[in-house]
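>
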Amino acid sequence: MADIHIEEFYKDAAVALVQLYNAFPRRVNLFVEDIAGADQPDEFGLHSKRHMACFGTLLWLAEEGFLRYVDTIRQDALDQAVLTQEAFIRLSAPAPDTLVQQFGEPENHATSPLPPSLKEDLSSHIHLVRTVLKSRHSLRIGHVVRATLFTDK
């Protein structure tokens, strides 16, 4: 069993990357609440550990070259965030066939094969990330995010 904070990291990273991919190439504000859920700061105005972990994930993605941003909005959001070229290319690229077979949507097209362009879209890393996010299965999310983020360049 994986550590819960690592599972949350993978989910937060996946949600953030999907949001940025969906907006690409526009710059958008990336709000922690939209990724990790609502937060109730304590009586001193400090955010929860969960909120701060998600904010840390966003900063880590930036430090590792997956996204750029202009500034932080307190500890609530990244202002004018956008995917880097490397992240966009990686998310758009076809995933390995073994990953697609294991985590992609089952093909129910035996009688009419998919056109090559659609087949390519359905085998991209971003499509797999979206698919496993819908499943809400933390082990699958972790596996696909690891394969997406930590593959050789």
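Take any residue in the sequence shown, note its place counting from 1, add 80, and you have its number in the numbering used here.
Quick reminder that beta carbons are idealized off the backbone N, C-alpha and C, glycines included.
All values reported here derive from a predicted model rather than from experimental measurement.
1) Using C-beta distances below 6 Å, list every residue in its chain close to residue 225, excluding the 5 sequence neighbours before and after it, in chain order.
2) Would residue 147 and residue 167 be called neighbours here (beta carbons separated by less than 8 Å)?
3) Would you list the residues sitting across from residue 148 in a DSSP beta bridge?
4) Helix, strand or coil for residue 188? Go by DSSP, reduced to three states.
5) With DSSP as the reference, label residue 204 as helix, strand or coil.
6) Distance, Cα to Cα, residue 213 vs residue 221?
7) I'd like the list of long-range same chain contacts for residue 172, defined as Cβ closer than 7 Å, with 5 residues on each side in sequence excluded.
8) Going straight from the alpha carbon of residue 133 to that of residue 181, what length do you get?
9) Touch check for the segment 143 to 160 and the segment 102 to 114: three-plus C-beta pairs under 8 Å?
10) When the Cα atoms are used, what is the spatial distance from residue 208 to residue 184?
11) Can you give the beta carbon distance from residue 101 to residue 163, rounded, assuming they're within the 8 Å contact cut?
12) Could you pull out every residue in the same chain whose Cβ sits closer than 8 Å to the Cβ of residue 215, ignoring the five residues on either side in sequence?
13) Any idea what DSSP makes of residue 139, helix, strand or coil?
Here's the rundown:
1) 90, 93, 94
2) yes
3) 162
4) Residue placement at residue 188 is poorly supported in this model, since its pLDDT is 49, which falls under 50; the coordinates are not used for a value here.
5) strand
6) 6 Å
7) 204, 206
8) 32 Å
9) yes
10) 6 Å
11) 6 Å
12) 221
13) helix
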